[in-house]
Every structure is written in C-alpha cells, then in structure tokens.
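Undergrad:
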Amino acid sequence: SPEGRLNLVIYYLRNGDINEAHTLIKDLEPTSPQEYILKAVVHSALGQENNQSEHLKMAQQYFQLVGASASECDTIPGRQCMASCFFLLKQFEDVLVYLKSIKTYFNNDDDFNWNYGIAKAAVKEYQEAEEGFQQVQNEKYRSDPCFISWLARCYIANGKARLAWELYLRMETSDDSFNLLQLIANDCYGMGAFFFAAKAFDVLERLDPSPEYWEGMRGAAVGVFQMIIARKEPKESLRDILSMLRNTSNPQVEYMIRVMTKWAKENGLKIK
367 SPEGRLNLVI YYLRNGDINE AHTLIKDLEP TSPQEYILKA VVHSALGQEN NQSEHLKMAQ
427 QYFQLVGASA SECDTIPGRQ CMASCFFLLK QFEDVLVYLK SIKTYFNNDD DFNWNYGIAK
487 AAVKEYQEAE EGFQQVQNEK YRSDPCFISW LARCYIANGK ARLAWELYLR METSDDSFNL
547 LQLIANDCYG MGAFFFAAKA FDVLERLDPS PEYWEGMRGA AVGVFQMIIA RKEPKESLRD
607 ILSMLRNTSN PQVEYMIRVM TKWAKENGLK IK
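Note that the sequence shown ends on residue 638 in my numbering; no numbers are left out.
1) Contact defined as beta carbons within less than 8 Å: I believe Ala-449 pairs with Leu-465. What is the distance between those atoms, to the nearest angstrom?
2) Does the distance from the CB of Ala-434 to the CB of Ala-406 come in under 8 Å?
3) So, using beta-carbon positions, are Leu-546 and Met-537 closer together than 8 Å?
4) In terms of residues, what are the limits of the alpha helix (DSSP H) holding Thr-627?
5) Going by alpha carbons, who is nearest to Asp-606 out of Lys-638, Ser-437 and Tyr-621?
6) I believe Tyr-555 touches Gly-585 by the beta-carbon criterion, under 8 Å. Please report the beta-carbon distance rounded to the nearest angstrom.
7) Count the other C-beta atoms from every protein chain shown that fall within 10 angstroms of the C-beta of Tyr-621, then say buried if there are 16 or more, exposed otherwise.
8) With DSSP as the reference, label Leu-635 as helix, strand or coil.
9) If you drop the 5 nearest sequence neighbours on each side, which residues of the same chain put their C-beta closer than 7 Å to that of Glu-494?
10) Beta carbon of Glu-369, beta carbon of Tyr-378: below 8 Å?
11) Report yes if the CB atom of Glu-415 is closer than 8 Å to the CB atom of Ile-391, and no otherwise.
12) Could you name the residues of the same chain whose beta carbon sits closer than 7 Å to that of Ile-442, not counting the 5 residues immediately before and after it, in chain order?
13) State yes or no: is the C-beta of Leu-608 within less than 8 Å of the C-beta of Met-626?
14) Check this for me: beta carbons of Ile-550 and Ile-522, under 8 Å apart or not?
15) On the three-state DSSP scale, how would you describe Gln-457?
16) With H, G and I counted as helix, E and B as strand and the rest as coil, what does DSSP make of Gln-503?
17) Could you check whether Val-489 and Phe-458 sit closer than 8 Å to each other, using their CB atoms as the reference points?
18) If I'm right that Leu-394 touches Leu-422 with Cβ under 8 Å, what's the distance once you round it to whole angstroms?
19) What residue does the alpha helix (DSSP H) around Asp-542 start on, and which one ends it?
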C-alpha cells in the first residue's frame with residue numbers, strides 16, 4: 367500500500383539508510399503534502415551526504431511547494447518547510463522568521479533546537495545560538511563534530527574560550543579534533559582571547575610545524591603578555607606561555623623569553 371511504502375521510507379530515514387529510502391520514493395509522483403515533504407527530506411539528506419547540488423535544489427523546490435501552498439502556508443509543517451527551503455538557500459534571516467513563528471511548539475525538540483542554533487549562529491546572534499545548542503539533549507547530536515564546532519564558535523564569541531578549549535580536550539584525536547583546534551586558534555585570536563589562542567596554536571605547531579602556526583603562537587603569546595602588563599590577564603598565565611615558548615625550536619623565541627622572564631622577575635612572579 368502507498369501508506370506502507372511511506373512508513374517504510376520514514377523507517378529507512380530514521381535509521382540513516384538514505385539510499386534505501388531514495389530507491390523506494392524516487393518513482394513516486396507526490397500528491398499530498400506528506401509525500402512532497404518526504405521527497406524533500408530524502409533529496410535533502412542525499413544532497414548533504416554526497417554534496418550534490420541537484421538533490422539540494424530538488425529538496426528546496428519540494429519544500430517551497432508545500433510551504434508556499436495555500437493549504438499549508440499557515441500550518442506548522444508548512445512553516446517548517448519554508449524554514450528548510452531557506453536553510454538550503456543559506457538565507458538564515460528568512461529561516462529565523464519561520465522558526466520563530468513556531469518555536470513555542472518545539473521547546474524540547476532536539477532537531478528544532480539544533481537548526482535554530484545554527485541559524486542564529488549564522489547571523490552572528492551567538493548568545494541565542496548557544497542557548498539553542500545547550501537545549502539539545504541527544505548524545506548522538508552532541509558528539510557530532512559539526513555540533514561541537516558550532517558550540518565552540520558560540521562559546522568563543524560569547525567570551526567563554528575556556529569552555530571551547532574543554533570541548534577540544536574531551537575529543538578523541540582525529541581530523542575533526544585538528545579542525546576544531548584550528549577553529550579555536552583563529553576564533554580566539556580574532557576575539558582577543560589570546561591565552562587559549564596560544565594554547566591551540568601551540569598544539570597545532572607541535573602536530574604540524576608550519577610557519578603560520580608559529581606566527582599565530584608568537585602573536586598570541588605577545589597578546590597574552592600585553593594583557594598581563596595591562597592587568598587584564600592573571601600574571602600566572604605567563605608561566606604557561608613561557609613553557610610553550612620553551613617547547614618550540616624557533617630561534618626567534620630566545621628574545622621573547624628574555625623579555626618575559628625579566629618582567630616576571632621585576633614583578634615578583636616566580637618562574638621555574
């Protein structure tokens with residue numbers, strides 16, 4: 367039965383069997399909103415998994431057909447469809463118009479909060495983005511590298527660089543943790559959170575001794591030193607910075623270490 371087939375498609379999608387779902391639905395000529403939505407979801411999943419723009423375009427068109435139709439435009443599924451359509455077009459201001467209009471119905475919905483968080487972060491409203499991400503309960507989502515990166519970006523933008531660093535420390539070593547380190551190093555540097563930028567560049571440089579990581583490390587170390595002198599950073603941080611600098615083999619480091627140890631001595635900070 368058509369009903370049975372649609373249920374099977376939903377079952378495959380829930381279990382991540384996207385190709386099976388596509389095989390079942392690809393010849394279906396949709397007539398009801400539910401069928402259009404399912405086709406949209408399948409194409410969207412396929413497009414995202416294989417980075418295929420033609421699937422994403424079809425998904426966007428199916429979502430738009432439902433969301434803009436007279437019968438569905440004021441329903442919750444209709445508004446979800448319009449949000450999904452704009453999501454695929456990367457028009458996040460528009461995504462938020464639709465998500466906000468149905469937010470009260472989805473207080474504890476992980477999928478909703480995940481999408482809301484990403485849309486908020488994409489328009490640089492990091493405080494609300496962080497709140498959205500924090501409401502996601504599902505462990506599978508919370509351990510997803512994409513989720514972790516967005517959450518780290520929000521933490522750093524909201525002045526909580528230490529929490530972003532802790533996310534990195536809890537991750538297994540992998541390409542994903544390397545990418546997260548780069549994000550932390552660059553975002554912290556840009557936000558003036560130099561201590562954690564230095565820590566991230568320090569690890570990056572040890573994993574891959576390239577000049578750009580050394581430059582980042584050097585700039586961040588100088589940034590921390592300036593903040594310590596201006597009393598915007600505890601002077602104890604200088605110990606960590608000095609041990610990072612001593613770990614590097616770059617010859618430029620000698621002069622920096624001399625200047626910093628001299629300041630430490632003059633300001634009563636014991637350095638090992």
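Just so it is clear, CB atoms sit at the ideal spot from N, CA and C, and this is done for glycine as well. Quantities reported herein were computed from a predicted structural model and do not represent experimental measurements.
TA: Judging by the given coordinates:
1) 5 Å
2) no
3) yes
4) 619-632
5) Lys-638
6) 7 Å
7) exposed
8) coil
9) Lys-486
10) no
11) no
12) Ile-468 and Tyr-471
13) yes
14) yes
15) coil
16) coil
17) yes
18) Leu-394 to Leu-422, Cβ: 19 Å. No contact.
19) 541-557
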